[in-house]
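Counting in this note's numbering, the sequence shown runs from -6 upward without gaps. Comments concern the structure below.
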Amino acid sequence: MTFGPEMVSAWSTEISTEFKNKKVTKIDFGHSWIVMQFANYTDALFFSLDPQYYGVASISKSQGKMIASYFAKTSRVEQSFKKHLLGGVIIGCNQINHDRILTITFEKRLGAGFAQKYSVIFEIMAHKSNLILADSEQRVIDAVKLKSFDSKSNSLLLPGTRYSPPPPLSGVTLSQMINDIPSVAPERIVGIGKNLEKKIKELWHEYPKELWHKWLSNLRYIHGNIGNVTFQKLGNYITFFPVLLPGAEPIETHGSSALKLAREFVFYPFLQKETTKLKNEILKPLKTELKSYKARIEGLNNLIDMAKQSEEWMKIGNLLIAWQHNIPPKTTETVLEDWTTTPPQKIRVNLDPQKSPVENAQTYFKKAKKYKDKNEEAQKLLMRYKTRYEELKETIESIESLEEPTQILALAKEQINTGRSSKSKHNKTSPVIRYDLRGAIVFAGLNQKSNHYVTFKLAQSGDIWLHAKDKPGAHVVIRKTDTKEKSFSPDDPRLIFAASLAAYHSKGRSDNLVVVDYTEKKHVAPQKGGIAQVTYSNYKSISVSPVYWKKYLEEQI
């Protein structure tokens, strides 16, 4: 998705109003992003310099905490930003030259009535995006991307130099158009993207000046009155306009906010991209091991195939000794009559010309003994390797089926919380997803081995165990972490969450409702065979939607 300067103008207006006087309490850095959190405020600001998903978005504090927990990385500029901005408050935000550049101004009190102002300049330009920290006189303190002299922009970006924005764009601004609506659309409208500009030009002669005056006034987003515009997509271009433009697709927004809309096309896609990378990192050693076991199995099968020929080689050895006087010296091949068959058959035998018939026979005897001795061991290894191969294959398939970022992060979280090494064979074939809810923890297995691990290793006697009724699926366990609470009531959203998770990770995933049984773990015992590989008693049942758990998490974050 792309956007133009009009979206940056909207972000500027909203930051100036929604985040004004908010005190910075936490700053987290990643490879291509920054999250700022504020005192006594539910939302955080997410700045992305990712070349695909760049921009600024308003996200919840829990979302900020989530991305920091898994993807935070020490950055060269981190200490500079923290030193100058932590404890400071936002006092304003402006758009520079009607371009895709934001300047957020902070004021930090130093004591005794003194205060210092700093600016964060965000150049929002795809792979050229940059975050610059400057002082009150716009001198650069630090930047994510420092650069020496740039002949294209005729500028440099080094500590101590004054920040110089790109030259102003030439053309007519929205304010100029509003003051004097032209009869013909200008060649270049400054302050909006080319996609929106093209659409305005196409429609210019279809509507009267009065209507254009009204529309363009709203488009300026002067007072942040987003109720007067409609967010929409023009192909791959995100914008807003007072009416739905021909050929555009309306976008549903959360709270009618440009910053919250940016969650949809900046934060969520970025999170999906990063969690996909995380999933691939988890899968990489598994796939490497799977490939290794596949090669081992192929090697053992070849060995077993060779062992099957050991009897034939023994026969050839015996025939060579029996017919040795009929075989001419230094020959590479001979034909022998096998009298053990009825009627006798001719067998063509390859020989080493440097060896006598008896020596060739000994070679065949040794070869037969070698593979015959290895056959029994190979058969045992083959069974073990095939079991391991199937475990790895099932694990890979179960992890690859995880599509939601929350699921992938829940899988990674369980690995982190249990301290299980990524090199551990148990960890590799026992993937467990974990969710930390308010006052509860939920564990879910993703295959037969991890189901056993969840139920009989992780679960405690008083935990609640859940499984989709009469359907193959995940073993789910929910545990109370708040000791003041006695038990889960049937209508407890957390119990419903766990039941929904069990329904989702079962053969009933596509059903509208799934019946899930639940009981205390002490009433669950292992049992070979059967759908759940266990037997359980004293259970109750609940009908849940397999997708309720997703909605629950969305509400929490």
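All residues carry an ideal CB built from backbone N, CA and C; glycine is no exception.
Spatial neighbours of ILE215 within its chain, please: C-beta separation below 7 angstroms, excluding the five flanking residues on both sides. Only weak support is given to the placement of ILE215: the predicted model assigns it a pLDDT of 46, under 50, and the question is left unresolved by the model.
Alpha carbon to alpha carbon, what distance is there between THR166 and LEU204? Rounded to the nearest angstrom, the two C-alpha atoms are 18 angstroms apart.
Give the DSSP bridge partners of LEU329, in chain order. Answer is ILE340.
For SER482 versus PRO539, is the C-beta distance shorter than 8 angstroms? Cβ distance not < 8 angstroms, so SER482 and PRO539 don't count as in contact.
Which partner residues does GLN549 have in the DSSP bridge list? Per DSSP, GLN549 has no beta bridge partner at all.
HIS460: first and last residue of the uninterrupted beta strand (DSSP E) it sits in: Boundaries of the beta strand (DSSP E) around HIS460: 457 to 461.
So, is SER415 buried or exposed, given that buried needs 16 or more other C-beta atoms within 10 angstroms? In this prediction, SER415 scores a pLDDT of 44, lower than 50, which makes its location untrustworthy; the coordinate-derived value is nonetheless stated afterwards. Per the 10 Å Cβ criterion, exposed.
Measuring alpha carbon to alpha carbon, tell me which of LYS462, THR476 and PHE449 ends up nearest VAL470. Nearest of LYS462, THR476 and PHE449 to VAL470, Cα basis: PHE449.
Start-to-end residues for the beta strand (DSSP E) that takes in GLU100: Where GLU100 is concerned, the enclosing beta strand (DSSP E) stretches over 94 to 104.
Closest by C-alpha distance to GLN265, when choosing among ARG472, THR399, SER55 and LYS442: For the residues ARG472, THR399, SER55 and LYS442, the minimum Cα distance to GLN265 belongs to THR399.
Among the residues of its own chain, which have a CB less than 6 angstroms from the CB of PHE436, if the five just before and after it don't count? Sequence-distant Cβ neighbours of PHE436 in its own chain, meaning closer than 6 angstroms and more than five residues away, are VAL425, ARG427, VAL447, LEU451 and VAL470.
How should SER25 be labelled, buried or exposed, when 16 other C-beta atoms within 10 angstroms of its C-beta is the threshold for buried? Buried, because 16 or more other Cβ atoms sit within 10 Å of the Cβ of SER25.
Taking the C-alpha atoms as reference points, what is the distance between LYS544 and ASN444? Going by the C-alpha atoms only, they are around 24 angstroms apart.
From what residue to what residue does the alpha helix (DSSP H) around THR512 run? That residue, THR512, is in no alpha helix (DSSP H); its beta strand (DSSP E) goes 507 to 513.
Pick out whichever of LYS308, PRO350 and LEU271 has its Cα sitting closest to the Cα of GLU397. Put simply, of LYS308, PRO350 and LEU271 the residue whose alpha carbon is nearest the alpha carbon of GLU397 is LEU271.
Between which two residues does the alpha helix (DSSP H) containing GLU130 stretch? That residue, GLU130, is in no alpha helix (DSSP H); it is neither H nor E in DSSP.
Between which two residues does the alpha helix (DSSP H) harbouring GLY85 extend? Run containing GLY85: none in the alpha helix (DSSP H); it sits in the beta strand (DSSP E), 82 to 88.
Quick one, are the C-beta atoms of ALA37 and ILE27 less than 8 angstroms apart? No, these two residues do not count as a Cβ contact at 8 angstroms.
Determine, using beta carbons only, whether THR512 and TYR497 come nearer to each other than 8 angstroms. No, these two residues do not count as a Cβ contact at 8 angstroms.
Between VAL236 and the rest of its own chain, which residues show a CB-CB distance below 8 angstroms, the 5 nearest in sequence each way excluded? TRP208 and THR223.
Could you check where the alpha helix (DSSP H) with MET170 kicks off and where it finishes? Residue range 167 to 172 is occupied by the alpha helix (DSSP H) that includes MET170.
Can you give the beta carbon distance from VAL509 to ALA461, rounded, assuming they're within the 8 angstroms contact cut? VAL509 to ALA461, Cβ: 5 angstroms. Contact.
Look at the Cβ atom of ALA371, then the Cβ atom of GLY310, and state whether they are nearer than 8 angstroms. Remark: C-beta atoms of ALA371 and GLY310 do not approach each other more closely than 8 angstroms.
Three-state class that DSSP yields for LEU149 in the structure shown: DSSP places LEU149 in strand when its eight states are reduced to three.
Short check: CB of LEU329 to CB of LEU312, under 8 angstroms? In contact: LEU329 and LEU312 (Cβ atoms closer than 8 angstroms).
Give me whichever residues DSSP pairs with PHE47 in a beta bridge. Note on identity: in this sequence residue 47 is Tyr, with Phe being the wrong assignment. Secondary-structure assignment with DSSP links TYR47 through a beta bridge to LEU42.
What does the alpha-carbon distance come out to for the pair VAL517 and TYR382? Answer to the nearest angstrom: the Cα atoms are 29 angstroms apart.
Exposure label - LEU149; buried when at least 16 CB within 10 Å: LEU149 is exposed by the Cβ-count criterion.
Do you know whose CA, among ASN90, THR96, ASP331 and LYS101, lies nearest GLY81's CA? For GLY81, the nearest C-alpha among the options comes from LYS101.
Please state if the CB of LEU439 and the CB of TYR63 are separated by a distance shorter than 8 angstroms. Taking a C-beta distance under 8 angstroms as the contact criterion, TYR63 and LEU439 do not qualify as a contact pair.
Could you please give me the residues that DSSP links to ASN123 through a beta bridge? For ASN123, which the question treats as bridged, DSSP gives the partners GLU116.
contact_flag[the region 79 to 99, the region 3 to 23] where n(CB pairs < 8 angstroms) is 3 or more: With three or more CB-CB distances shorter than 8 angstroms, the region 79 to 99 counts as touching the region 3 to 23.
Could you tell me the boundaries of the alpha helix (DSSP H) in which ASP298 lies? Residues 261 to 301.
For VAL527, list the residues DSSP reports as bridge partners. In the DSSP output, where bridge partners are listed per residue, VAL527 has PRO519.
Return helix, strand or coil for SER391, following the three-state DSSP convention. SER391: helix per DSSP, three-state reduction.
I need the boundaries of the alpha helix (DSSP H) containing ILE60, first residue and last residue. From DSSP, the alpha helix (DSSP H) with ILE60 extends over 54 to 64.
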